[in-house]
Amino acid sequence: MSGLFDGTPLERPVTCEQCGKPRKQCKCPRNATGQILNPRDQHPRVSRERRSGGKTITIITGLDNRATNLQQLLKDLKTKFGAGGTITEGRIELQGDHRDKLVAILKERGYQAKPSGG
Ligand SMILES: [Zn+2]
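If you count the sequence shown from 1, position 67 lands on 66 in numbering that gives the first Met the number 0, and the numbers rise without skipping.
Dropping the structure here:
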């Protein structure tokens, strides 16, 4: 990411509207269009799905895959639950029924998470 006027006499530091740091040092979460998207402004849903063979998976949908590091989140969850998991089309799938715990974990991280489905 570079400023529009980089390398020209018009160059000036572009600062983040949230943390006040130069954009290059800013670690604020942003979506694909560069808008700040904090966890508290995201509303992920956590649902369960029964797969053939009777296995249940827990699915998190509705997280912005730019503002949220889905790979890191999946890694954390796999470690925490000792379960397998994957990311498919921007949604996190975790093996086993962890819906209520996942809602609680997402809330701890500041997301407006809600359980979904039965
Ligand atoms: Zn920032």
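The C-beta atom is built at its ideal place from N, Cα and C for all residues, glycine as well.
Name the two residues that bound the continuous alpha helix (DSSP H) containing residue i.
i	result
THR14	Where THR14 is concerned, there is no enclosing alpha helix (DSSP H), given that its DSSP letter is neither H nor E.
Buried or exposed: which applies to residue i, given that a residue is buried once 16 or more other Cβ atoms fall within 10 Å of its Cβ?
i	result
ARG39	exposed
GLN71	exposed
ARG98	buried
GLN34	exposed
THR67	buried
When DSSP labels each residue in this structure, what does residue i get in the three-state scheme?
i	result
GLN41	coil
GLN24	coil
ARG29	strand
ARG65	coil
LYS54	coil
ARG108	coil
GLN94	strand
The beta strand (DSSP E) spanning residue i covers which residue range?
i	result
GLU88	It is not in any beta strand (DSSP E) - GLU88 carries neither H nor E in the DSSP assignment.
Cutting at 8 Å between CB atoms, please list the residues of its own chain near residue i, excluding the five before and the five after it.
i	result
PRO21	PRO12, VAL13, THR14 and CYS15
LYS106	ALA112
Leaving out five residues on either side along the sequence, give the residues of the same chain with a beta carbon under 7 Å from the beta carbon of residue i.
i	result
ALA25	Note on residue identity: the sequence assigns Cys, not Ala, to residue 25. Same-chain partners within the cutoff: CYS15 and CYS18.
Tell me which residues share the same chain as residue i and place their Cβ nearer than 6 Å to its Cβ, disregarding the 5 neighbours each side in the sequence.
i	result
GLY53	none
SER115	ARG44 and SER46
Exercise. Check whether the segment 53 to 62 touches the segment 75 to 93, taking contact to mean three or more Cβ pairs, one atom from each stretch, closer than 8 Å.
Key: When Cβ pairs closer than 8 Å are counted between the two stretches, the segment 53 to 62 is seen to touch the segment 75 to 93, the count reaching three or more.
Quiz item: Are the segment 10 to 27 and the segment 39 to 55 touching by the rule of at least three beta carbon pairs closer than 8 Å?
Solution: In short, these stretches do not touch, since the Cβ pair count stays below three.
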